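Trainee:
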Amino acid sequence: MLPTWLTEEYIETHLRAYCKDGQLRVLKLWAKPATEKGGNYVGVMTRIYVDYEDGNGTVQNKSFILKQTCSKDATQWAIFQEYDVYNREMDMYEVVMPKMAELLREIGVTEKLTAEAIVVDRERTIMILEDLATLRYVNADRVKQLDMTHTKMTIDMLARFHAAAIVLNQRYPEILAKNYSSHFFSRNKNGYKEIFTGLFRAFTRYVNTTPSLKNRYSAKLEHIASNLMEYAARSVDVGEKDFQTLVHGDCWTTNVMYQYDDEGNPTSILPIDFQFSSLTSPVVDLHYLFSTSLQENVREKEIELVQYHYYALKQYLDKFSYKGVFPSLHEYQLQFERRRFMTVIIANVFQPIMVYEGTEDPEFVNLYQDTPEGIRFQDSMYACEKVQRIVANILPIMDAKGLLDPQ
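For the sequence shown, my numbering gives the first residue as 519, with consecutive numbering after it.
(1) To the nearest angstrom, how far is it from the Cα of residue 556 to the Cα of residue 889?
(2) By Cβ distance below 7 Å, which residues in the same chain neighbour residue 924 in space, the five residues on each side in sequence not counted?
(3) For residue 544, which of 561, 552, 525 and 538 has the nearest alpha-carbon?
(4) Roughly how many whole angstroms lie between the Cα atoms of residue 834 and residue 672?
(5) Quick check on this structure: which residue in 763, 845, 600 and 720 has the alpha carbon closest to the alpha carbon of residue 828?
(6) Is residue 519 helix, strand or coil when you go by DSSP?
(7) Any contact between the stretch 730–740 and the stretch 617–624? By contact I mean 3 or more CB pairs, one from each, below 8 Å.
(8) Going along the chain, which unbroken runs of the beta strand (DSSP E) with 3 or more residues stay wholly within the stretch 628–681?
(9) Going by Cα to Cα distance, which pick from 898, 667, 897 and 770 is closest to residue 806?
(10) With DSSP as the reference, label residue 761 as helix, strand or coil.
(11) Label residue 801 either buried or exposed according to how many other C-beta atoms from any shown protein chain fall within 10 Å of its C-beta, with 16 as the threshold for buried.
(12) Given a cut-off of 8 Å, decide if residue 775 and residue 809 are closer than it, judged by their beta-carbon atoms.
(13) Quick one: grab the DSSP three-state call for residue 845.
(14) Since residue 876 and residue 883 are thought to touch, with beta carbons under 8 Å apart, how far apart are those beta carbons, to the nearest angstrom?
(15) Please state whether DSSP places residue 920 in a helix, a strand or coil.
(16) Using CA coordinates, which residue listed in 696, 578 and 900 is at the minimum distance from residue 866?
Have a look at this one:
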């Protein structure tokens, strides 16, 4: 159902401005939900359909994506307000991404950078975006996850994004001067502390039901639980010697879309959803991507994939004639390794949600609250054989690296 303010007149006014066509006339407007329940917790996505006649008399049939905030009655509304994610994403679509695309065109990179914003309405806190589905962009399968071809294409996209943001921050520092310091693990904010703590309780509960894991890791995980957010915050901290840029912040299969050729090979890629973009080390995006979205055999090539990103980033910056300090590959690998605690949270706590195929209610509060419904949902995440295998494989690695010991 369309909001009462979203009238034919409203759309007509904005389409005239976007299309630079003062004679454009909207003929019909209707809508359908754009995501299933649990598909997007941050806001409400609606696909709106518009039939209009342009100034030349040609009738067009277009669809767009309306992004609204979640309801003020929803538990997560206050959390997302605390992190100011809605203003941040509007800034990203209206200012940052168009400016980055302009910079990339200087070095001959003309591919689309993301969906275009038709409307950014700050009074209503909404955006109307280009519908990428009409351009044959789709998400990869979040359960099957990404093979090597998809992974390298995604890493190259991130390198392009990171390089453009570095140059943007050099030339126009005022653009990224506000609202890009907060992230999931911000020390001065509390919203995500409750969420991650609840998710980690669910993870620990699963470990304690598995004798082979409980005996080795239970006590260590109890210690981590009381220090979880501080340890995670350190993984996002940047020191004087750390390389820094704007990161996507939430780069996983659902927030990346691909075009395919007739043989099913990916040919083009676009990132979407920039609510959690922040200034930190670019390797934060790599940890997030690797921990949520890669097939297990691909993730085994992690060191080589960091190297791939490093050289792609360097290549883009060289095209920009970047004169700033750039780390050696060895130092870059060390910066990646120093942030590995992210995998304790992301791989064990977020990934089970991201590959979930169960039937329990995916309401936001059920992700982390200890209600009967919440516990059923959380326990069902770890009933998945794939998730159990991931946990069994990754805990010994984390333990061997000292990530489960006091930091």
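C-beta atoms are modelled at their ideal positions from N, C-alpha and C, and glycine is treated no differently.
Computed from a predicted model, the values in this text were never measured in an experiment.
Mentor: Per the coordinate set shown:
(1) Confidence at residue 556 is low in this model, with a pLDDT of 48, below 50, so its placement is unreliable and no value can be given for it.
(2) 741
(3) 525
(4) 15 Å
(5) Nearest to residue 828 by C-alpha distance, out of 763, 845, 600 and 720, is 845.
(6) coil
(7) no
(8) Correct list: 635–639 and 644–648.
(9) 770
(10) coil
(11) buried
(12) no
(13) coil
(14) About 17 Å separates the two Cβ atoms, so there is no contact after all.
(15) coil
(16) 900
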